[in-house]
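Residue numbers for the sequence shown follow the numbering used here, beginning at 69 and rising by one.
Heads up, the beta-carbon is just placed ideally off N, CA and C, and yes, glycines get one too.
The structure appears below as structure tokens.
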Amino acid sequence: MTTSAFLQQLLDKSADAAYVVDENQRIVAWNQVAADLLGFEAQTVIGASCYQVLGGHADGGCIVCKR
Numbered sequence: 069m070t071t072s073a074f075l076q077q078l079l080d081k082s083a084d085a086a087y088v089v090d091e092n093q094r095i096v097a098w099n100q101v102a103a104d105l106l107g108f109e110a111q112t113v114i115g116a117s118c119y120q121v122l123g124g125h126a127d128g129g130c131i132v133c134k135r
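Structure representation (structure tokens):
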């Protein structure tokens, strides 16, 4: 089993919206809860740069994803 497949299995068990990025800030896993909440299906965002999909700031001003 690949690391991405393992991570995807973990995310699929979560009740929370969740995703995983690699060292290059590319999305490698995305669960259905994230798709339902944010409106982007996994096949659309897997491989995309995190900032292209989620760029912005979290509560408190912390940068979520950046170039």
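Straight-line Cα distance separating residue j from residue i
{"i": "CYS118", "j": "MET69", "result": "24 Å"}
{"i": "ALA126", "j": "ALA103", "result": "18 Å"}
{"i": "VAL89", "j": "VAL101", "result": "16 Å"}
{"i": "GLY128", "j": "ALA85", "result": "19 Å"}
{"i": "GLN111", "j": "ALA83", "result": "20 Å"}
{"i": "LEU105", "j": "LYS81", "result": "16 Å"}
Exposure label - residue i; buried when at least 16 CB within 10 Å
{"i": "LEU79", "result": "buried"}
Collapsed DSSP secondary structure at residue i in the structure displayed
{"i": "GLY123", "result": "coil"}
{"i": "PHE130", "result": "Before going further, note that residue 130 is Cys rather than Phe in the sequence given. CYS130 falls in the coil class under three-state DSSP."}
{"i": "SER82", "result": "coil"}
{"i": "ALA116", "result": "coil"}
Own chain partners of residue i with C-beta closer than 7 Å, once the 5 adjacent residues on each side are dropped
{"i": "CYS133", "result": "GLN93, CYS118, TYR119, LEU122 and GLY123"}
{"i": "ALA97", "result": "SER72, LEU75, GLN76, LEU79, TYR87 and VAL88"}
Whole-number beta carbon distance between residue j and residue i, since they are thought to touch under 8 Å
{"i": "ILE131", "j": "ALA116", "result": "The Cβ separation is near 17 Å, so there is no contact."}
Cutoff 8 Å; reference residue i; Cβ partners in own chain excluding five residues on either side
{"i": "ILE114", "result": "ILE95, VAL96, ALA97 and TRP98"}
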